[in-house]
Amino acid sequence: MLTAAYEIAEQGRIVTLGISPSFPSTGFGYIQQGPELGTANSFVYYEAMRFMEKPDIIRATQFLASKNFSWNSGMFIWQVKTALAEFEQQQPVMYSLMREIQAVMDTPEYDLSLSVAWDQMPKKSIDYAIMEGAKNMTIIPVDIGWSDVGTWASLFDVLPQDGFGNCTKGKLAEKRVQLDTRDTLVISDRLTVTIGVDNIVVVETDDVLLLCHKERTQDIKKIVDYLRESGYDAYL
Numbered sequence: 007m008l009t010a011a012y013e014i015a016e017q018g019r020i021v022t023l024g025i026s027p028s029f030p031s032t033g034f035g036y037i038q039q040g041p042e043l044g045t046a047n048s049f050v051y052y053e054a055m056r057f058m059e060k061p062d063i064i065r066a067t068q069f070l071a072s073k074n075f076s077w078n079s080g081m082f083i084w085q086v087k088t089a090l091a092e093f094e095q096q097q098p099v100m101y102s103l104m105r106e107i108q109a110v111m112d113t114p115e116y117d118l119s120l121s122v123a124w125d126q127m128p129k130k131s132i133d134y135a136i137m138e139g140a141k142n143m144t145i146i147p148v149d150i151g152w153s154d155v156g157t158w159a160s161l162f163d164v165l166p167q168d169g170f171g172n173c174t175k176g177k178l179a180e181k182r183v184q185l186d187t188r189d190t191l192v193i194s195d196r197l198t199v200t201i202g203v204d205n206i207v208v209v210e211t212d213d214v215l216l217l218c219h220k221e222r223t224q225d226i227k228k229i230v231d232y233l234r235e236s237g238y239d240a241y242l
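Residue numbers (the working numbering): 7 to 242.
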């Protein structure tokens, strides 16, 4: 797989690994596959048409049924010269700052220049900054048992479950008390008791307690934005 990606990247293309979806997830981004471009090391690769943000359940179901969409794994393979050319064209401010850092590498000024450049660097993910506007994107659909543990709900895929679909993690996880509780995740170092709840996520940290429905964990970003706008940065 990586050999195939390497061969394609040598052609000056940006390669991403698309995960073949197994269910209509609303917690992952998607990539639409375009025309087949060829085969490399027995892997078929396609033109990547567009990146789609996390959809609602209706659109996610449509994506799955179409068989033309893959989950966005966030894994990209490309040559350095290709990457720099994309940054120069699409993100000139980022490109200029990277060049400033490069100019002082292996000198006493490096640490300070890196810190200054980082403070000035636009805060954008690679998807938004480059991939959505790139014209030479290639996707290799793969099935590698991947899961993006990017939401609390996705921990259901990696943590052991009891006979009722419950997951627990923490110092007292083995002493959990759950009555009539199903498909619930509890992350806490305290003894946590749940009664008569289904599809709930409970996460406790030193200063914050989160309670939400399992299907709404992707909305935590909205709460993070609200807290930041309201001056609660200390809790983030």
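Glycine is no exception: its CB is placed at the ideal position from the N, C-alpha and C atoms.
Around the CB of Gly35, 16 or more other CB atoms lie within 10 Å, so the residue is classed as buried. Beta bridge pairing from DSSP links Asn78 with Gly24. Shown here, Arg188 sits in a strand according to DSSP, grouped into three states.
The segment 60-79 makes no contact with the segment 164-184, as fewer than three CB pairs between them are under 8 Å. Residues of the same chain with a CB within less than 7 Å of the CB of Ile14, apart from the 5 flanking positions on each side, are Val21, Ala46, Tyr51 and Thr144 in chain order. Residue environment: Trp124 is assigned as exposed (fewer than 16 neighbouring CB atoms within 10 Å of its CB, all protein chains considered). From the listed residues Ala109, Ser31 and Cys173, the smallest Cα separation to Arg65 is found for Ser31. Assigned with DSSP and collapsed to three states, Met55 falls in strand. Rounded to the nearest angstrom, the Cβ distance from Thr190 to Ile206 is 5 Å, consistent with a contact under 8 Å. For Leu70, no beta strand (DSSP E) run applies; the uninterrupted alpha helix (DSSP H) run containing it begins and ends at Ile63 to Ser72, by DSSP. As the crow flies, the alpha-carbon of Ala10 is around 42 Å from that of Cys218.
Lys228 and Leu120 have their alpha carbons spaced roughly 31 Å apart. Distance check between Phe49 and each of Asp117, Gln224, Ile146 and Phe162 places Ile146 closest, using alpha-carbon atoms only. Straight through space, the alpha carbons of Met111 and Lys141 are spaced by roughly 31 Å. Secondary structure remark: continuous beta strand (DSSP E) runs of at least 3 residues inside the segment 101-173, in chain order: 143-148. Per DSSP, reduced to three states, the secondary structure at Asp204 is strand.
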